[in-house]
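Novice: Counting in the UniProt record's numbering, the sequence shown tops out at residue 309, every number present.
Quick reminder that beta carbons are idealized off the backbone N, C-alpha and C, glycines included.
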Amino acid sequence: MALQYHRDFYGYGSTPPDPDWPDQARLAVSFVLNIEAGAELSVSMADERNESVYEIVQEIKGVPDLSMESHFEYESRVGLWRILDLFEWYNLKITVSICARVLELSPWIGTEIIQRGHEVGCHGYRWEHLANMTEAEERQTITRTVEIIEKTTGVRPVGWHTRAPSSPRTRSILVAQNFLYDSDAYNDELPYTVEVLGQSHIVLPYSFDTNDMRFTGAETFRLASDFSTYLINSFDWLWEEGAACPRMMTVGLHPRIIGRPGRIPALRDFLDHVQQHDPVWVARRDQIARHWQQRMQRGDIPIQPISPA
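(1) Where Pro-255 and Trp-81 are concerned, what is the direct C-alpha to C-alpha distance, given to the nearest angstrom?
(2) Are the CB atoms of Cys-122 and Glu-36 nearer to each other than 8 Å?
(3) What residues match up with Ala-28 in a beta bridge as DSSP calls it?
(4) Since Gly-124 and Thr-145 are thought to touch, with beta carbons under 8 Å apart, how far apart are those beta carbons, to the nearest angstrom?
(5) Assign His-6 to one of two classes, buried (16 or more other C-beta atoms within 10 Å of its C-beta) or exposed (fewer than that).
(6) For the beta strand (DSSP E) holding Val-96, just list the boundary residues, first then last.
(7) Can you look up His-71 in the DSSP assignment and give me helix, strand or coil?
(8) Looking at the strands, I want to know which residues DSSP matches up with Gln-199.
(9) Pull the bridge partners of Val-120 from the DSSP assignment, please.
(10) Rounding to the nearest angstrom, what Cα-Cα distance links Tyr-206 and Lys-61 in this structure?
(11) Does Ala-309 come out as helix, strand or coil in the three-state DSSP assignment?
(12) How do the stretch 195–202 and the stretch 167–187 stand: do at least 3 beta-carbon pairs fall below 8 Å, yes or no?
(13) First and last residue of the alpha helix (DSSP H) that includes Ile-303?
(14) Do Val-274 and Val-29 have their beta-carbon atoms positioned less than 8 Å apart in this structure?
(15) In chain order, what residues of the same chain have a beta carbon less than 8 Å from the beta carbon of Gly-252, not counting five sequence neighbours either side?
(16) Strictly by DSSP, which residues pair up with Leu-33?
(17) Say yes only if the C-beta of Ile-258 is nearer than 7 Å to one or more non-hydrogen atoms of the ligand FMN, and no if none qualify.
(18) For Tyr-230, which three-state DSSP category applies?
Okay, structure coming up:
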């Protein structure tokens, strides 16, 4: 029997709410650094196949793909440090969406993230798809992920982002686990609030276009300037719109991708551009979600945008 779930094609329509960002910012910018080193698919972990999401195009079957694994190791060995140091130079705090398996293998990463003042968000146990799991399997995966992250970092995460796609059950399981927000949506540019199990739950939409993953795959960025130009164009458009109604922009990053020396200038150039504009609120996703929650509790933000009859 097919699961029944609601789809909203209207959202806020032509009248998005005023987020009232801190300091009257015209734009909130959220950087999400995804860490998956050691959580990727591998037959060495009894997976049916090796990871295929990267710049390597050949497929190695039946045996571990040591080349692919080595690329993911670059994430924690080199790329992570380069990115964290860059954000520290600009004195900006971000959300680090991390797989629990990463912290099992490299618990020092969690310590580093917390010490630098960044948010630790859940990115699954092993960067897995939830859509094909049973309800029991999905619940167990989410519970296991939370327990490992809390044990290794000392902080209970409040945000979740599944390796797409999630399932129609995911949000209910997250609410039962007291998550503040999830980013398992790509259907808007502003946060929105939905009612799940009788509770208000915040959705912070994610983005695949303002994302360094576009350095991989068929439709790719080739040069650092391709990425920075796209980010700057997106920012400038939202900045103009923000004069009438403040906006939000999400930038997705991966240490094994943007952390390369030939690509990191794109992030630096974009950060320079952001800092030339004021007021802009660069915030962790938990900060954005709590701000939205306060607006909702004051009655300024509707629960589940209602489409017209």
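Specialist: If we stick to the structure as given:
(1) 8 Å
(2) no
(3) Met-248 and Trp-281
(4) 6 Å
(5) exposed
(6) 95–98
(7) helix
(8) Val-196
(9) Val-96
(10) 32 Å
(11) Any reading at Ala-309 must be qualified, since the residue scores a pLDDT of 42, below 50, and its modelled position is unreliable; the value itself is stated next. Coil.
(12) yes
(13) No alpha helix (DSSP H) holds Ile-303; DSSP gives it neither H nor E.
(14) yes
(15) Val-32, Asn-34, Tyr-206, Ser-207, Phe-208, Thr-210, Asn-211, Asp-212 and Met-213
(16) Val-96 and Leu-253
(17) This structure does not include the ligand FMN; it has no bound ligands of any sort.
(18) helix
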